[in-house]
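Scroll down for the structure; my scribbles are underneath it.
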Amino acid sequence: PINATWLSLYVFLNTAIEFLYADDQLIYRDKISEQLSGYTLTANSPPINSVQYISTLILGNGVDSVLKYDGTSISTLGGSPPINKYFEVAYNRIFAAGNPSQPNRVYYTDTGTTETWGATSYFDVAKEDGDIITGLKFFRDLLIITKTYSIWIADVSGSTPSTDWSQYPLNKSLGCVAC
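Counting from 11, one number per residue, gives the positions in the sequence shown under my numbering.
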């Protein structure tokens with residue numbers, strides 16, 4: 011038997027419903043006894059966060075490489091994505107934040123892909139405020155970005171990020187410690 015406190019639970023919907031569990035080092039599928047091979051997390055890792063894009067589950071904890079699960083196996087996500095902890099899907103892109111080296115940065119993929127992370131495919135959210143991003147959520151056509159002491163809105167609906175996208179504070183005195 012495995013003695014573990016389950017830190018995270020993920021539901022993967024492809025052709026069937028599957029449950030993934032993670033303890034402090036390993037990832038399991040459906041039941042405690044079936045460990046997914048292919049990747050071991052750093053000992054005592056923080057909880058994993060995830061998002062599903064089409065038939066791929068993207069997983070990250072802000073410490074280890076970003077992973078993908080395709081319904082059969084788990085592996086490192088291709089395309090050299092930065093280490094991140096928070097993930098969300100919006101407008102056919104994956105958005106990611108929670109990089110320990112760039113705690114105010116939101117990264118994004120090219121449209122329609124999980125593994126194309128351009129070198130300049132990111133935007134900073136109030137970098138000068140010293141606050142860190144603690145979560146991402148897509149709601150009512152906007153990307154909600156929570157920071158410890160503030161909440162920001164990003165309109166990422168346009169096809170050209172450098173000219174079509176905008177961000178603004180929703181609340182500069184209320185934030186979220188962690189999502």
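No residue lacks a Cβ here, since even glycine has one placed at the ideal position from N, Cα and C. Nothing here was measured: the structure is a model prediction, and the numbers come from that model.
Check: Validate contact between the region 65–80 and the region 138–146 using beta carbons, cut 8 Å, 3 pairs; Outcome: no
Check: Burial state of LYS137, where buried means 16 or more other Cβ atoms lie within 10 Å; Outcome: exposed
Check: Nearest residue (CA-CA) to GLN177, options TYR79, PRO92, PHE133; Outcome: PHE133
Check: Start and end residues, beta strand (DSSP E) containing ASP165; Outcome: 161–165
Check: Straight-line Cα distance separating ALA129 from ARG115; Outcome: 13 Å
Check: LEU152 vs ILE163 beta-carbon contact at 9 Å; Outcome: yes
Check: 8 Å Cβ shell around TYR63 - same chain, five flanking residues per side excluded; Outcome: VAL99, ILE104, THR124
Check: DSSP-derived helix/strand/coil call for ASP120; Outcome: coil
Check: Beta strand (DSSP E) segment containing SER65, residue limits; Outcome: Run containing SER65: none; DSSP gives neither H nor E here.
Check: Under the three-state DSSP convention, the category LYS95 falls into; Outcome: coil
Check: One or two residues paired with ALA100 in a DSSP bridge; Outcome: ARG103
Check: Closest Cα partner of SER90 within the set SER131, PRO171, ARG150, SER160; Outcome: SER131
Check: Residues bridged to LYS147 (per DSSP); Outcome: ILE154
Check: Neighbourhood of LYS182 by C-beta distance below 6 Å, restricted to the same chain and skipping five residues each side; Outcome: SER160
Check: Closest residue to TYR101 among GLN112, ALA107, ASP120 (Cα-Cα distance); Outcome: ASP120
Check: Pair within 9 Å by beta-carbon distance, THR158 and VAL135; Outcome: no
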